[in-house]
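In the working numbering, the protein residues as written are 1378 to 1642. Cβ atoms here follow ideal geometry from the backbone N, Cα and C, with glycine treated the same way. Each remark here refers to the structure printed beneath this line.
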């Protein structure tokens, strides 16, 4: 098990190096893409600034807390955008028949799909998210001991996005190339940037139990806001939820794979 894990890590690093070197050949396009994504995110953040010029809080969350939630959500999403965005690309692989070549190789198919591309556009999202997160941490005066958990929580959030992408795009096995529900990951990201408490009771349950988008940012963020007594519990639960949800998505993938029909057929 350990040797297999190390093998996959080495393979992923190798594929990532190849992908990065390929788009670094076009420096101007690469830099333009990063700047464009940062500006796009900045415009969205300015909307929040404008909102807080009109109101003092959103369901009890002040500006600094919303800023932290926004930065946390953006960073978690950006990690998925950079490394796991291919989880929504299954329609492309089924339509073009590229999935057939993956099935013939002695490496897990999902791993091959995720390692097949590194989205450089996500770097702009990642830079922006980290900057906003750092600013919020400073403004909230979050103690350093709490920051130890931050990388694990951010990765847990990105794993949930990857799981959502995997589940939604698995429908391509039944439609042979239709995009289906793949873009839902982008839509759910918009929900994750704000406190779940602003939504009605039904959506609160959905975003906590059925589609755990609340664990991509909202629940982990509660650990970092002052005097929240269940914060540490949520820190422990978040990675568990993300792993369980990924296992479910992987099961859905395997079930869908049984119905796969080559585009050539």
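Worksheet entry | First and last residue of the uninterrupted alpha helix (DSSP H) at residue 1616 | For the purposes of this step, residue 1616 is taken as the residue at position 239 of the chain shown. Here the alpha helix (DSSP H) through residue 1616 covers 1608–1634.
For a test of the three-state rule: what should DSSP assign to residue 1415, helix, strand or coil? Walking along the chain shown from the start, residue 1415 turns up at place 38. DSSP places residue 1415 in helix when its eight states are reduced to three.
I need the straight-line Cα distance from residue 1462 to residue 1593, nearest angstrom please. Position 85 of the chain shown, counting from 1, holds the residue named residue 1462. Position 216 of the chain shown, counting from 1, holds the residue named residue 1593. If I take the Cα positions, the gap works out to 16 Å.
Residue 1545 versus residue 1590: straight-line alpha-carbon distance, rounded:
The residue labelled residue 1545 in the question sits at position 168 within the chain shown. The residue labelled residue 1590 in the question sits at position 213 within the chain shown. Approximately 14 Å between the Cα atoms of the pair.
**Study point:** Straight-line gap, residue 1473 to residue 1466 (C-alpha atoms, nearest Å)
**Key:** By one-based count along the chain shown, residue 1473 stands at place 96. By one-based count along the chain shown, residue 1466 stands at place 89. Their Cα atoms are separated by approximately 11 Å.
I'd like the list of long-range same chain contacts for residue 1429, defined as Cβ closer than 7 Å, with 5 residues on each side in sequence excluded. If you number the chain shown from 1, residue 1429 lands on position 52. Closer than 7 Å at the Cβ level, and outside the excluded window around residue 1429, lie 1440.
For the putative contact between residue 1510 and residue 1612, defined by C-beta atoms under 8 Å, what is the C-beta separation to the nearest angstrom?
-> Walking along the chain shown from the start, residue 1510 turns up at place 133. Walking along the chain shown from the start, residue 1612 turns up at place 235. Not a contact, Cβ separation roughly 16 Å.
- Would you check if the region 1483–1500 and the region 1409–1419 touch, i.e. whether three or more CB-CB distances between them fall below 8 Å? As far as the Cβ criterion goes, the region 1409–1419 touches the region 1483–1500, which means the pair count is three or higher.
| request: Drop a sphere of 10 angstroms on the beta-carbon of residue 1427, count the other beta-carbons inside from all chains shown, and report buried for 16 or more, exposed for fewer. | output: As a position in the chain shown, residue 1427 is number 50, starting the count at 1. Residue 1427 comes out exposed.
Among 1538, 1505, 1456, 1438, the one whose alpha carbon lies nearest that of residue 1420: To locate residue 1420, count along the chain shown from 1; it is residue 43. The option with the nearest alpha carbon to residue 1420 is 1505.
> Considering only residues of the same chain and omitting the five flanking positions on each side of residue 1568, which have a CB-CB separation below 7 Å?
Replying inline: The residue you call residue 1568 lines up with position 191 of the chain shown. Hits under 7 Å: 1584, 1590.
Query raised in the report: Between 1628, 1602, 1475, which lies nearest to residue 1547 when the distance is taken from Cα to Cα?
Result: Looking up residue 1547 in the chain shown gives position 170. Just measuring C-alpha positions, the residue of 1628, 1602, 1475 sitting nearest residue 1547 is 1628.
* Given residue 1581, which residues of its chain have a CB within under 7 Å of its CB, disregarding the five upstream and five downstream residues? -> Mapped onto the chain shown, residue 1581 falls at position 204. Result list for residue 1581: 1573, in chain order.
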